[in-house]
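Residue numbers (this note's numbering), protein chains in the order written: chain Y, 1 to 80; chain U, 81 to 160; chain Z, 161 to 298; chain W, 299 to 436. Cβ atoms here follow ideal geometry from the backbone N, Cα and C, with glycine treated the same way.
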Amino acid sequence: MKVHILAFGITKDIVGGSTFEFQIEEGSNVGQLKKHLQQQYPAFEDLASLAIAVNSEYASEELVIKAADEIVLIPPVSGG
Amino acid sequence: MKVHILAFGITKDIVGGSTFEFQIEEGSNVGQLKKHLQQQYPAFEDLASLAIAVNSEYASEELVIKAADEIVLIPPVSGG
Amino acid sequence: MIDIQLLHTPLQVEKCLKRVRHPAAGGIDIFVGTVRDQTRGKKVVRLEFESYEPMAISEMKKIAERATEKWPIQNIAIHHRVGTLEIGEIAVIIAVSTPHRKASFEACQFAIDTLKETVPIWKKEIFEDGEVWVAAHP
Amino acid sequence: MIDIQLLHTPLQVEKCLKRVRHPAAGGIDIFVGTVRDQTRGKKVVRLEFESYEPMAISEMKKIAERATEKWPIQNIAIHHRVGTLEIGEIAVIIAVSTPHRKASFEACQFAIDTLKETVPIWKKEIFEDGEVWVAAHP
């Protein structure tokens, strides 16, 4: 299943763009997606943290991803 | 010795004016002045506190008063 | 820099902010004290503030100096109003700039807490049926 | 009342103050975060903020709602800027009005502390010889 991912901050630099597509198995959850992303982009492992938002909410590792979901990489935030 | 006293806030209402003159013995200190004032104006004893400033500084009870001092009655402050 | 003012005219937050801004400041905390429309359930019509002016200014200055000793303050402004204030008007503004935000909150809170204890300013609450000097009695 | 804004234009303290003023408010605390000219001793030229906008707004709204549950808040405004900011410019303003002052300080500090942890906004520091995404690495 192909998912569409948005990247912000340093993750945009790591993946080389603000959006990209990524192949995951049907029924994968957020934890599995994150693991695959870290395999593809080892620089993610150097970050202080990497959260994933699904449809504008922080997602737990257990959340199962659907093809239409808006998936967003959230490296350490630094607003304020 | 005659001293000149300024009153603010509720002390102004109690003494009936914003300045008044008061007779104390030569060599009196702030504590003694306060005691005499409380005898003259019993309403002072009902206040939550009564501080005395001498020459624009809070004065300790032990400070000896001189005739030229600017003496000010400071009832509980309520700025802010 | 310390900026102390006792004013008979409306206070302006923008002016205090301007006084404390600093290129090395990361956090500015501003406390604004406004006149409430009621006190212990009773409707307040307006407030009247009076002060023993020279000492009020010197006590506010002492507060700013003590805060500057305790926290790494870049600038601090304390503006207090006196005279007649209507509901919602600003009685006091304290603004503090520091390199990091935590100190700005702590110093600002220290300044307003201390001001309410030491600065010779008195307020009278005017009700529809009377008036009272705030905090005068236990 | 909760007022959340994510703006591409300069923030104004006066506007936030206006949004939170309330006749029953006694204390308003305003936190202003400004761009510092240096970080760990290195000269900063400017900052660039970007955000995941819909989520940034919803997370700021959550903070305001949580604060309103914890403290007796009359009004709270959270305005955050995005885009390029020069030294000294305002990145964020949080204003909180409450009946008594202590709660305004606590709620305002809670809001800025939480904002820095949860709201998807990222800042890049631009130096004379490079740039870095703040806090990205341990």
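- Separation of Gln-198(Z) and Trp-293(Z) (C-alpha to C-alpha, rounded to the nearest whole angstrom) is 15 Å.
- In the DSSP assignment, Gln-303(W) falls outside any alpha helix (DSSP H) and within the unbroken beta strand (DSSP E) covering 300-305.
- In the DSSP secondary-structure assignment, His-378(W) is bridged to Leu-304(W), Val-390(W).
- Residue burial annotation: Glu-142(U) is exposed, with fewer than 16 other C-beta atoms found within 10 angstroms of its C-beta.
- One Cα belongs to Pro-352(W), the other to Arg-364(W), and the distance between them is close to 18 Å.
- In the structure shown, Ser-211(Z) falls within a strand segment according to DSSP collapsed to helix, strand and coil.
- For the pair Asn-373(W) and Val-330(W), the Cα-to-Cα distance works out to about 17 Å.
- Not one beta carbon of chain Y lies nearer than 7 Å to the beta carbon of Leu-305(W).
- Of all residues in the stretch 377-410 of chain W, the ones placed with a Cβ closer than 7 Å to any Cβ belonging to chain Y are His-378, Ala-389, Val-390, Ile-410, in chain order.
- Within the DSSP bridge table, the entry for Trp-369(W) names no partner.
- Taking the CA atoms as reference points, Leu-413(W) sits about 13 Å from Ser-349(W).
- For Val-279(Z), the closest Cβ of chain U is nearer than 7 Å.
- Of all residues in the stretch 341-370 of chain W, only Phe-347, Glu-348, Ser-349, Tyr-350, Pro-352, Met-353, Ala-354, Ser-356 place a beta-carbon less than 8 Å from a beta-carbon of chain Y.
- With respect to the 7 Å criterion, Ala-184(Z) and Arg-334(W) are classified as neighbours on the basis of their beta carbons.
- Not one beta carbon of chain U lies nearer than 7 Å to the beta carbon of Val-173(Z).
- Annotated three-state conformation of Asp-197(Z) is coil, per DSSP.
- When C-alpha distances from Gly-89(U) are compared across Gln-165(Z), Leu-166(Z), Ile-286(Z), Phe-209(Z), the shortest belongs to Phe-209(Z).
- In summary, Glu-26(Y) is exposed, with fewer than 16 beta-carbon neighbours lying within 10 Å of its beta-carbon over all protein chains present.
- A Cβ of chain W is located within less than 7 Å of the beta carbon of Asp-197(Z).
- Taking a Cβ-Cβ threshold of 7 Å, none of the residues of chain Y is close to Ala-375(W); the smallest such distance is about 15 Å.
- Beta bridge pairing from DSSP links Lys-284(Z) with Glu-208(Z), Trp-293(Z).
- Here Ala-393(W) is near Ile-328(W), since their CB atoms are less than 7 Å apart.
- Residues of the stretch 280-295 of chain Z with a C-beta less than 7 Å from any C-beta of chain U: Pro-280, Ile-281, Trp-282, Lys-283, Trp-293, Val-294, Ala-295, listed in chain order.
- Residues of chain W whose Cβ lies closer than 8 Å to the Cβ of Leu-275(Z) do not exist, since the nearest Cβ in that chain is about 11 Å away.
- Residues of the stretch 181-195 of chain Z that bring their beta carbon within less than 7 Å of a beta carbon in chain U comprise Gly-193, in sequence order.
- Among the residues facing chain Z, Val-157(U) is included, as its CB has a counterpart in that chain under 7 Å away.
- A Cβ-Cβ contact shorter than 7 Å links Ile-361(W) with Ala-409(W).
- The continuous beta strand (DSSP E) containing Ala-7(Y) extends over residues 2-7.
- Below 8 Å, enough C-beta pairs join the stretch 60-75 of chain Y and the stretch 16-34 of chain Y to call them touching: three or more.
- Annotated three-state conformation of Gly-325(W) is strand, per DSSP.
- Here the C-alpha atom of Ile-74(Y) lies approximately 58 Å from the C-alpha atom of Ser-136(U).
- Taking a Cβ-Cβ cut-off of 8 Å, Phe-124(U) has no neighbours in chain Z, whose nearest Cβ is about 11 Å from it.
- Per DSSP, the beta bridge partners of Tyr-138(U) are Ala-133(U).
- For Lys-175(Z), the closest C-alpha among the options Val-205(Z), Ile-238(Z), Met-220(Z) is that of Ile-238(Z).
- The Cβ neighbour count for Val-72(Y), taken over all protein chains shown within 10 Å, is at least 16; the residue is labelled buried.
- One finds Tyr-212, Pro-280 in chain Z with Cβ atoms closer than 8 Å to the Cβ of Ile-154(U), taken in chain order.
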